[in-house]
Amino acid sequence: MGAESLPRNTSYSRQWVLGIVAIAMAILISGGIVGSSQAQDVATPIVDATPDDVANVCDSTAPGVGAEPWVRTELYFGTTLPDGSAITADQWADFLDEEITPRFPAGLTVLEGYGQFLNSEGVIAEEASIVLILFYPGDAIDDSSAGIEEIRDAYETQFEQESVLRVDEEPVCVSF
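Each residue of the sequence shown is one higher than the one before, starting from 8 at the first, in the numbering used here.
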């Protein structure tokens, strides 16, 4: 899990990456590269959607596969400790077994990554990271969200981290 085991690509400047992100966000907000204003006018925002609207999204997105609307949450864990050392594979495995799996025993995905962020001292910190991906039914949002916050708090405390990034996406269409 050490930073030395992951490829490091520093050929892209921070400004270039932020520019690409800004362009992508503008495309998403405007409805896509060839977006239709008519389609945007008739779309139901997720916050106003009824359960039937959400179910219909899955029927139209993945017809005939029996997809159901669920929530996808990703957590991004930094692996560098304050002293500069890295969280070991055994430490991560213990955390996974003790904090994450009991809260999400039905399943999860763990990926190794590499990331960077601007820390509280204004310095760009680069480090190996761990990405946790969770899927859960929409009717389990409250309990799942509480469990996710407990995981974030436990990791920040145990490994002295400034934060654990959380990204939620709803609905996603899931079929087993």
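Backbone N, C-alpha and C fix where the C-beta goes; we use that ideal spot for every residue, glycine too.
So the candidates are the options; which of them puts its Cα closest to the Cα of residue i?
| i | options | result |
| --- | --- | --- |
| ASP97 | ASP90, VAL64, THR86 | THR86 |
| ALA147 | GLY120, PHE111, GLU167 | PHE111 |
| GLU176 | GLN123, ASP101, PRO144 | PRO144 |
| LEU115 | ASN63, SER67, LEU103 | LEU103 |
| VAL117 | GLN165, GLU75, PHE142 | PHE142 |
| ASP149 | SER92, ASP66, ASN63, TRP77 | TRP77 |
| ILE155 | PRO178, PHE124, VAL130, PRO109 | PRO109 |
| GLN165 | GLU105, ASP66, VAL130, GLY122 | GLU105 |
For a quick check, are the C-beta atoms of residue i and residue j less than 8 Å apart?
| i | j | result |
| --- | --- | --- |
| ILE158 | ILE107 | yes |
| VAL72 | SER151 | no |
| ILE137 | GLU119 | yes |
| GLU163 | LEU88 | no |
Using 8 Å for Cβ pairs, my map puts residue i next to residue j. What's the rounded Cβ distance?
| i | j | result |
| --- | --- | --- |
| ASN126 | ALA132 | 5 Å |
| ALA69 | CYS180 | 5 Å |
What does DSSP give as the partner residue(s) for residue i in the beta ladder?
| i | result |
| --- | --- |
| ILE137 | PHE84, GLU119 |
| PRO109 | Answer is none; PRO109 lacks a bridge partner. |
| ARG173 | LEU82 |
| ILE131 | LEU125 |
| PRO144 | TRP77 |
| VAL179 | TRP77 |
| ALA93 | THR87 |
Validate contact between the stretch 167–174 and the stretch 72–83 using beta carbons, cut 8 Å, 3 pairs: With the rule of 3 Cβ pairs closer than 8 Å, the stretch 167–174 counts as touching the stretch 72–83.
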